[in-house]
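Asker: Here you go, one structure.
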Amino acid sequence: MADMIGTTSSRPKVGHERKTYRVEAERDGRWWVASMAEIKGAHTQARRLDQLELMARDVISLMLDVPEDSFDIDIHASLPEDVEDLAARTREARSRADASADEANEFTREAVPRLLAKGLPVRDVAVILGLSFQRVSQLARSLQPNHA
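Structure, rendered in structure tokens:
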């Protein structure tokens, strides 16, 4: 079994150093069973991974008598190695896709007004950039200097 890094939840407080607790989770039947090794006896369970953070926060808060929003959670879900590798590659590919989408959005926001300024019709700009004419119109309106 390998570790899959789950979500790290952060609710920053200005000027405060926040503790991060590592939550180790593994599947047991239909449940995710989790423990926090840094806190003796801290265990919890949840049906789904998305429920685990809330459950872990509750346990940590109760055991240490601290507010639930005063620390961060780092969830590590143990998965079989064959699917962990696939999940890791999926996360990496999605991260690259997000970065590419951000880059495409930047170029689009620059290209739309420049192409329109050259006198090209909205529909031509749409074809050139591979967008719908509605999206080009929307961007043109939102990128105008006096747009509120």
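If you count by numbering that gives the first Met the number 0, then the sequence shown holds residues 0 to 147, one letter each, in order.
Even glycine gets a Cβ: it sits at the ideal position worked out from N, Cα and C.
1. Assuming residue 127 is part of the alpha helix (DSSP H), what are its boundary residues?
2. Alpha carbon to alpha carbon, how far is residue 21 from residue 143?
3. Anyone know if the C-beta pair for residue 19 and residue 33 falls short of 8 Å?
4. Whole angstroms are fine: how far does the CA of residue 73 sit from the CA of residue 6?
5. Enumerated in chain order, which unbroken segments of the beta strand (DSSP E) with a length of 3 residues or greater are wholly contained in the segment 48 to 112?
6. Are there 16 or more other CB atoms within 10 angstroms of the CB of residue 61, so buried, or fewer, so exposed?
7. How is residue 116 classed by DSSP in three states: helix, strand or coil?
8. Of the choices 75, 57 and 45, whose alpha-carbon is the least far from that of residue 69?
9. Bridge partners for residue 34 per DSSP, in chain order?
10. Please state whether the Cβ-Cβ distance between residue 77 and residue 24 is less than 8 Å.
11. For residue 137, name the three-state secondary structure that DSSP assigns.
12. Less than 8 Å between the CB atoms is what I'm expecting for residue 30 and residue 41, so what's the real figure, rounded?
13. Express the C-alpha separation of residue 102 and residue 12 in angstroms, rounding to a whole number.
14. Leaving out the 5 sequence neighbours to the left and right, which residues in its chain are closer than 7 Å to residue 89 when beta-carbon positions are compared?
Answerer: In terms of the structure at hand:
1. Along the sequence shown, one-based indexing puts residue 127 at 128. Where residue 127 is concerned, the enclosing alpha helix (DSSP H) starts and stops at 121 to 128.
2. What you label residue 21 is simply residue 22 of the sequence shown in a count that begins at 1. What you label residue 143 is simply residue 144 of the sequence shown in a count that begins at 1. Taking the straight line from one Cα to the other gives about 47 Å.
3. Walking along the sequence shown from the start, residue 19 turns up at place 20. Walking along the sequence shown from the start, residue 33 turns up at place 34. No, these two residues do not count as a Cβ contact at 8 Å.
4. Working through the sequence shown from its first residue, we reach residue 6 at position 7. Working through the sequence shown from its first residue, we reach residue 73 at position 74. At residue 6 the pLDDT is 49, less than 50, meaning the model places this residue with poor confidence; the figure from the coordinates comes in the next sentence. In a straight line, the C-alpha of residue 6 is about 6 Å away from that of residue 73.
5. 70 to 78
6. As a first step, residue 61 is located in the sequence shown; it is residue number 62 there, counting from the start. Flag for residue 61 reads exposed.
7. As a working note, residue 116 is residue 117 in the sequence shown. Helix.
8. For the purposes of this step, residue 69 is taken as the residue at position 70 of the sequence shown. Considering only alpha carbons, the answer is 57.
9. Taking the sequence shown and counting its residues from 1, one reaches residue 34 at position 35. According to DSSP, which records beta bridges pairwise, residue 34 is partnered with 23 and 42.
10. For the purposes of this step, residue 77 is identified with residue 78 of the sequence shown, where counting begins at 1. For the purposes of this step, residue 24 is identified with residue 25 of the sequence shown, where counting begins at 1. Yes, the pair counts as a contact, with Cβ atoms nearer than the cut-off.
11. Walking along the sequence shown from the start, residue 137 turns up at place 138. It is helical.
12. Position 31 of the sequence shown holds residue 30. Position 42 of the sequence shown holds residue 41. Incorrect: roughly 16 Å between the Cβ atoms, too far for contact.
13. In the sequence shown, residue 12 corresponds to position 13, counting from 1. In the sequence shown, residue 102 corresponds to position 103, counting from 1. Here residue 12 scores only 49 on pLDDT, less than 50, and its place in the model should not be relied on; the value that follows carries that caveat. Cα to Cα, the separation comes out at about 31 Å.
14. Taking the first residue of the sequence shown as 1, we reach residue 89 at position 90. Same-chain partners within the cutoff: there are none.
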